[in-house]
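Visitor:
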Amino acid sequence: EREERQERERLETLDLATAAFFDGVDVGREDAEDEAMDIFVWENIFNQRRADAEAMAEQFADERRTRLREDAAVREGETSRLTQLSISIRELQSVADTAQRQFVLNQNAIMAVDENARHVLGAQ
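Here the sequence shown is numbered in the numbering used here, starting from 21 and rising by one per residue.
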């Protein structure tokens with residue numbers, strides 16, 4: 021009878037240990053499933069934030085390219101205006117040079133007329 025009682029206690033202990041083991045497996049499985057769900061949620065959050073950051077970076081790059089194109093167009097317009105101004109300045113310089121030569125010629129002609137008039141008046 022003592023051996024039977026010890027065998028029953030051993031079997032009960034074994035049953036309790038087996039039940040505890042499988043309860044632990046179930047709890048462990050639930051913990052693993054919860055952790056997997058947490059990882060899935062965080063991975064989705066990370067992927068969404070990365071997509072948002074990539075979209076913002078692309079938008080920034082597009083805006084920057086647009087500004088650069090606009091700046092280039094402005095510089096091209098300014099270069100064209102500067103070229104026109106340079107041409108106009110050269111034309112004005114040419115006109116001024118011509119006017120100065122004409123002035124010198126006119127001044128020489130006036131001095132020649134004055135000189136002639138003095139000779140004519142002096143001869144009289």
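All C-beta atoms in this analysis are idealised placements derived from N, C-alpha and C, irrespective of residue type, glycine included.
For F80 and T86, what's the separation of their Cα atoms in angstroms?
Guide: Each residue's Cα considered, the two are about 10 Å apart.
Visitor: For E21, does the three-state DSSP call read helix, strand or coil?
Guide: In this structure, E21 counts as coil in the three-state DSSP scheme.
Visitor: Measure the alpha-carbon distance for D91 versus L125 and round it to whole angstroms.
Guide: For D91 and L125, the distance between alpha carbons rounds to 50 Å.
Visitor: Can you tell me the Cα-Cα spacing of R95 and A75, whole angstroms?
Guide: Approximately 30 Å, taken between the alpha carbons.
Visitor: Using only the alpha-carbon positions, how far apart do L36 and W62 sit?
Guide: Each residue's Cα considered, the two are about 38 Å apart.
Visitor: For D12 and R110, what's the separation of their Cα atoms in angstroms?
Guide: The question about residue 12 has no answer, for the chain in this structure spans 21 to 144.
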